Amino acid sequence: MTAISLIPPGLPLVLGALLLPLCTARLRALLVLGLPLLVIALVWQLPAGAVLTLDFLGYELAPLSDSKLGRLFATVFAIMAFAGGLFGLNHMRVAELSAALLSAGCAISIAFAGDLVTLLVFWEGLALASTLLVWSARTTQSRDAGLRYLVLHLFGGVLLLAGIIGHVAATGSVAFTAMTLDSPAHWMILAGFLINAGAPPLSAWLPDAYPEASPGGMVALSAFTTKTAVFVLLTGFPGADILIAFGLYMVFYGIVYALLENDMRRILAYSIVNQVGFMIVGIGIGTELSLNGAAAHAFTHIIYKALLLMSAGSVLYMTGKRKCTDLGGLFQSMPLTAVCGIIGALAISSFPLTSGFISKSMISQAAADQHLAMVWFLLVAASAGVFLHAGIKFPWFVFFQKDSGLRPPDPPLNMRLAMILFAFLCIALGVWPAPLYDMLPYPVDYVPYTYAHVVTMLQLLLFSGLAFFIMLPYLKRTLTITLDWDWFYRSLGPRLLGQAARVLDRWHAHRRIDALRHIGNFIGTLFLYHGPQGILARTWATGSMVLWVVILLGIYLVAYYI
Amino acid sequence: MKQHWLVRPGSIRLLWIVFLGILALTVLAGLLMHPHAAFGIDGSFGFYAWFGFASCIAMIVVAKLLAIVLKRKDSYYDGD
C-alpha cells in the first residue's frame, strides 16, 4: 500500500477552499474544476475497506474509512462540485466559490467518516460553509435567511453533539456504525440528522434559505446538506420504522407546498424535501432493495435537481426575475435552457430512459415486496404528484404558459456546458444504469426495464399530466406564500417575545419609580441627621465634649468594678 | 410578429389530439401486460391511469384547501 492511497479524499477540497482567495482568476478556475476530478481519482484508488486511524484523547478516530456507500456518495458529491463550479465560474464571488468547495469537501469527508467526532467536525463545517453560500448573495433577504439557517443548523449540531456524548459515555466507542433507537442519546443523534434532511417540523429552513442564494449558490447548496443527511441515516439508522412516517410526510409536504408556490426556485426547493422524503422512506423500509434504492435515488437526484436548478438559475441570471407570475414564454429565446430544464423535469418525474426511472422505482418495489400496502399506494400517488409539482409545473410556468414578452438569450458558455453535462448524465444513467447499480452497497437483483414497468409508469405520468392541464385554472399563480412551521419562530415567537418585553418594561418602570422613591426617602433621612443642621453633624463645644468623655470613663470604671 | 408554432391555437388543438391519442395508447398497452399485482387492485385494467389522475386531483384539492388557511401575501414576512 503506497502512501498516496490513504489521503482523505475530502482534504484537497477543504485546503483548496482556503487557497482559492489567494489565487489569480486563471488558477482559481483550474482549482475549481481540477480539484473535484482529483477527488474522484483519490476515491477510486483507495484500497477496498481502507481505514486510516488516529489516536485522539484516548479515542480511536477514523477520518478515512472506506465503504461502498461512502464511495458512491463521495463520487456524486465530487461530480456535483465539478459541474457546480463550472456553472458558477462566471458569476459566483470568490468567497462563494470557496464556500462551495468547502461544503463539497465537508460532505465528502462525512462520506468517509468512520467515527462520530470526525462526522461532527465536518457536519459543523458544512453548516458554516452553507451559511456562507446563502450570505454570498449579499441581499437583506439572504442575510436574514442565512442567519435563520445558521441558528437552526447550529441547534441541530448541538443535538447531534449531545447525542454523541451520550452514546460515547454509554458505549465507550466513537465508531460510527448502525444504531438502534434504544436511548435518548440515539434519539438526539437521529434528530440532529433529520434536521439536516429537512424533516418535519423543521423543514422550512430549506425553501426559506436556498432560494435566497445566487444562481450558482443554490445549485451548490442543493446537493450537500440534505444528501449527507441521507448518507448518515443510511449508515446510522437503516430500517428504523419511524423514518417511513417522516419520509411520507416530507413527500406530500413537498408536493402540496410546491403546488401553491410562485417563486420558481422555491418550487424546486420544496421538491428537494419531496425527493429526500422518498429516500427516507427507503431507509425506513430497510431491506437491501430499499436501501439500494435510497442510495441510487440520492445519486440520480443530486444530478437532476442540480440540472433543474441550473436551468432556473440561468433564467434568474438572464432575467433577474424569479416569480412564475413574471415569467413565461422563455422557450422561444432560451431553447437550450428550456430543453435542459425539461430533461431534468422528466428525470425527477422518473420517465422511462431517464435516471429517476431506474432509481425511485426500487423504493416502491421494496414497499410492495414487504407488503406495506399503505406505503406503496402513497408512494405511487406521490410519484404522480412529483410530475405534477416539478415535472410539469416548473417548465410550464417558466418556459411556456402566457408570453411574458421577455426574450433573453441562453446564458454564457460555462453555464450552458454545465447544463449539457448534467442533461447528458440524466439520460445516460437512465439508458445505462449498470455502472450505478455496480456502485450500490448491496448486490442488485432489479430489472427496471420490464414491459409492465414502462407501461404502468407512462400511464401514471401521462394521466397526471392530463390532470395538470384540466386543473390548470386552479393552479394559476398568485403573489402569495404559504405559511409553514417556521411561522412559529419567524412570527409568533418574536411577537410573544415583544409582548413579554413590553410587559417587563412596564413592570420595570413601576419598580423604578418605587426604587427612586425609596432612595429619595433614604437620602432625606440621612440629610435629616447628618446634614448641615442634622443633630449628628452639629458643631459641639469642646467643654461639652470633655464632659461626655468624663461621663463615659466614669461609667466604664464603675462597670469594671462590678 | 409571427407567432411561434407552439403557441398558435391550431397547433395547440393538434397537440391535445396527439396527447389524448397517446393516453389511449398507454391504457390499451396495458392489455398486453401480464397482471402481477402485489395488492390485487393494482393489477386491474387501467389502474395506474385512473389512480394517477385521481391522486393528482386529490392533491390539488388538498393544496387549495390548505391555502385557504395558510395563504398570505408574499410580503408577509417583509416587516421582520
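Chains A and B are the protein sequences, given in the same order.
Under our numbering, the first sequence has 321 at position 321, and the numbering climbs by one with no breaks.
Under our numbering, the second sequence has 45 at position 45, and the numbering climbs by one with no breaks.
Just so it is clear, CB atoms sit at the ideal spot from N, CA and C, and this is done for glycine as well.
These figures come from a predicted structure and were not determined experimentally.
Alpha carbon of Ala501 (chain A) to alpha carbon of Ala515 (chain A), nearest angstrom:
Position 501 of the first sequence, counted from the first residue, corresponds to residue 501 (chain A). Position 515 of the first sequence, counted from the first residue, corresponds to residue 515 (chain A). Each residue's Cα considered, the two are about 20 angstroms apart.
On a Cα-Cα basis, can you pick out the residue from A:Phe397, A:Gln365, A:Gly286 that is closest to Asp445 (chain A)?
Here residue 445 (chain A) refers to the residue found at position 445 when the first sequence is read from its first residue. Answer by Cα proximity: A:Gln365.
Could you pull out every residue in the same chain whose Cβ sits closer than 6 angstroms to the Cβ of Ala104 (chain A), ignoring the five residues on either side in sequence?
Here residue 104 (chain A) refers to the residue found at position 104 of the first sequence. Excluding the 5 residues flanking it on each side, Ala104 (chain A) has same chain C-beta neighbours closer than 6 angstroms at Leu13, Phe77, Ala81, in chain order.
Please say whether Ile303 (chain A) and Phe422 (chain A) have beta carbons closer to each other than 9 angstroms?
Along the first sequence, one-based indexing puts residue 422 (chain A) at 422. Along the first sequence, one-based indexing puts residue 303 (chain A) at 303. One thing to note: Phe422 (chain A) has its Cβ within 9 angstroms of the Cβ of Ile303 (chain A).
Alpha carbon to alpha carbon, what distance is there between Ile283 (chain A) and His167 (chain A)?
The residue labelled residue 167 (chain A) in the question sits at position 167 within the first sequence. The residue labelled residue 283 (chain A) in the question sits at position 283 within the first sequence. For the pair His167 (chain A) and Ile283 (chain A), the Cα-to-Cα distance works out to about 22 angstroms.
Ala169 (chain A) vs Asn196 (chain A) beta-carbon contact at 9 angstroms
As a working note, residue 169 (chain A) is residue 169 in the first sequence. As a working note, residue 196 (chain A) is residue 196 in the first sequence. In this structure, Asn196 (chain A) does not lie closer than 9 angstroms to Ala169 (chain A) by Cβ.
According to DSSP, what are the bridge partners of Ile392 (chain A)?
In the first sequence, residue 392 (chain A) corresponds to position 392, counting from 1. Its beta-bridge partners do not exist; DSSP assigns none.
Top-ranked residue by Cα proximity to Leu46 (chain A), from A:Asp66, A:Thr354, A:Pro200:
The sequence position of residue 46 (chain A) within the first sequence is 46, counting from 1. Taking only the C-alpha atoms, the option nearest Leu46 (chain A) is A:Asp66.
If you draw a straight line from the alpha carbon of Leu429 (chain A) to that of Phe278 (chain A), how long is it in whole angstroms?
Along the first sequence, one-based indexing puts residue 429 (chain A) at 429. Along the first sequence, one-based indexing puts residue 278 (chain A) at 278. In this model, Leu429 (chain A) and Phe278 (chain A) are separated by some 19 angstroms (Cα to Cα).
Any beta-carbon of chain D closer than 9 angstroms to the one on Leu14 (chain B)?
Here chain D cannot be found, since the structure's protein chains are A and B.
Can you pull the chain A residues whose beta carbon is under 9 angstroms from the beta carbon of Phe39 (chain B), in chain order?
Counting from 1 along the second sequence, the entry for residue 39 (chain B) is found at position 39. In chain order, Ala368, His371, Ala373, Trp376, Phe377 make up the part of chain A whose C-beta sits under 9 angstroms from the C-beta of Phe39 (chain B).
Is there a Cβ of chain B sitting closer than 9 angstroms to that of Asp115 (chain A), yes or no?
Residue numbering aside, residue 115 (chain A) sits at position 115 when the first sequence is read from its first letter. Nearest CB-CB separation between Asp115 (chain A) and chain B: not below the 9 angstroms threshold.
Which of the three DSSP states, helix, strand or coil, is assigned to Arg495 (chain A)?
Residue numbering aside, residue 495 (chain A) sits at position 495 when the first sequence is read from its first letter. In this structure, Arg495 (chain A) counts as helix in the three-state DSSP scheme.
Give a yes or no on whether 9 angstroms exceeds the smallest Cβ distance from Met1 (chain A) to chain B.
Within the first sequence, numbered from 1, the residue matching residue 1 (chain A) stands at position 1. Interpretation of Met1 (chain A) is limited by its pLDDT of 45, a score under 50 that renders its predicted location unreliable; the figure taken from the coordinates is listed afterwards. With its beta carbon at least 9 angstroms from every one in chain B, Met1 (chain A) lies outside the interface.
Could you tell me the distance, in whole angstroms, from the CA atom of Ser404 (chain A) to the CA atom of Pro184 (chain A)?
For the purposes of this step, residue 404 (chain A) is identified with residue 404 of the first sequence, where counting begins at 1. For the purposes of this step, residue 184 (chain A) is identified with residue 184 of the first sequence, where counting begins at 1. If you take the alpha carbons of Ser404 (chain A) and Pro184 (chain A), they lie about 54 angstroms apart.
Report the three-state DSSP secondary structure of Leu61 (chain A) (helix, strand or coil).
As a working mapping, residue 61 (chain A) is identified with position 61 in the first sequence. In the three-state scheme derived from DSSP, where H, G and I count as helix and E and B as strand, Leu61 (chain A) is classed as strand.
Residues bridged to Arg72 (chain B) by DSSP?
One-based indexing of the second sequence puts residue 72 (chain B) at position 72. DSSP, once it has assigned bridges, lists A:Ile481 as partnering Arg72 (chain B).
Let me make sure I understand the geometry here. Which of A:Val431, A:Glu124, A:Ile343 has the alpha-carbon closest to that of Gly391 (chain A)?
Position 391 of the first sequence, counted from the first residue, corresponds to residue 391 (chain A). When the alpha-carbon of Gly391 (chain A) is set against those of A:Val431, A:Glu124, A:Ile343, the nearest one is in A:Ile343.
Can you grab the Cα-Cα spacing for the pair Met310 (chain A) / Thr140 (chain A), in whole Å?
Walking along the first sequence from the start, residue 310 (chain A) turns up at place 310. Walking along the first sequence from the start, residue 140 (chain A) turns up at place 140. Computed Cα separation, rounded: 23 angstroms.
For Ala245 (chain A), the residue or residues it bridges with in DSSP
As a working note, residue 245 (chain A) is residue 245 in the first sequence. DSSP output for Ala245 (chain A) lists no bridge partner at all.
Within 10 angstroms of the Cβ of Met179 (chain A), are there 16 or more other Cβ atoms? Answer buried if so, exposed if not.
Residue numbering aside, residue 179 (chain A) sits at position 179 when the first sequence is read from its first letter. Here Met179 (chain A) is buried: its Cβ has 16 or more other Cβ atoms, across all protein chains shown, within 10 Å.
Element boundaries [beta strand (DSSP E), containing Asp55 (chain A)]
As a first step, residue 55 (chain A) must be located in the first sequence, where it is residue number 55. Note, Asp55 (chain A): beta strand (DSSP E), 51-56.
If you count every other CB in all the chains shown that lies within 10 Å of the CB of Leu260 (chain A), and 16 or more means buried, which is it?
Here the question's residue 260 (chain A) lines up with position 260 in the first sequence. With 16 or more other Cβ atoms within 10 Å, it is buried.
Near-chain B residues of the stretch 328-344 of chain A (beta-carbon distance less than 9 angstroms), N- to C-terminal order:
Correct list: Gly329, Phe331, Gln332.
Beta-carbon within less than 6 angstroms of Tyr210 (chain A)'s beta-carbon, same chain only, minus the 5 sequence neighbours each way: which residues are those?
Residue 210 (chain A) sits at position 210 when you count from the first residue of the first sequence. Closer than 6 angstroms at the Cβ level, and outside the excluded window around Tyr210 (chain A), lie Met218, Leu221, Ala269.
List the DSSP bridge partners of Ala175 (chain A).
Numbered from 1 along the first sequence, position 175 holds the residue referred to as residue 175 (chain A). According to DSSP, which records beta bridges pairwise, Ala175 (chain A) is partnered with A:Asp115.
So Val18 (chain B) contacts chain A; which residues on that side make the cut at Cβ distance below 8 angstroms?
By 1-based counting over the second sequence, the position of residue 18 (chain B) is 18. Listed along chain A is no residue with a C-beta nearer than 8 angstroms to that of Val18 (chain B); the closest approach is about 12 angstroms.
Contacts of Ile60 (chain B) in chain A (Cβ-Cβ under 8 angstroms)
By one-based count along the second sequence, residue 60 (chain B) stands at place 60. Within 8 angstroms Cβ-Cβ: Leu259, Leu388, Ala467, Met471, Tyr474, Leu475.
Could you give the uninterrupted runs of the alpha helix (DSSP H) lying entirely in the stretch 7-75 of chain B, keeping only those of 4 residues or more?
Within the stretch 7-75 of chain B, the complete alpha helix (DSSP H) runs of at least 4 residues are 9-29, 47-70.
Find the residues of chain B that neighbour Ser464 (chain A), judging by a C-beta separation of less than 9 angstroms, and give them in chain order.
As a first step, residue 464 (chain A) is located in the first sequence; it is residue number 464 there, counting from the start. Result: Gly52, Phe53, Ser55, Cys56.
Determine the chain A residues that contact Arg8 (chain B) at a beta-carbon separation under 7 angstroms, and present them in chain order.
The count along the second sequence starts at 1 and reaches residue 8 (chain B) at position 8. None at all; the shortest Cβ gap to chain A is about 12 angstroms.
Per-residue DSSP class, three states only, for Lys68 (chain A):
Counting from 1 along the first sequence, the entry for residue 68 (chain A) is found at position 68. Under the three-state reduction of DSSP, Lys68 (chain A) is assigned to helix.
At a Cβ cut of 7 angstroms, what residues of the stretch 427-455 of chain A count as close to chain B, listed as they run along the chain?
Going along the stretch 427-455 of chain A in chain order, one finds Tyr451, Ala452, Val455 with a Cβ nearer than 7 angstroms to chain B.
Take the Cβ of Gly486 (chain A) as the centre, count every other Cβ of all protein chains shown within 10 Å, and call the residue buried at 16 or more, exposed below.
As a working note, residue 486 (chain A) is residue 486 in the first sequence. It should be noted that the sequence gives Asp, not Gly, for residue 486 (chain A). Label assigned to Asp486 (chain A): buried.
Assign Leu84 (chain A) to one of two classes, buried (16 or more other C-beta atoms within 10 Å of its C-beta) or exposed (fewer than that).
Within the first sequence, the letter at position 84 stands for residue 84 (chain A). Per the sequence presented here, residue 84 (chain A) reads as Gly, with Leu not at that position. The residue is buried, with at least 16 neighbouring Cβ atoms inside 10 Å.
Can you list the residues of chain A that Ala67 (chain B) reaches, using a CB-CB cut of under 7 angstroms?
On the second sequence, residue 67 (chain B) is found 67 positions in, with the first residue counted as 1. In chain order: Leu260, Thr482.
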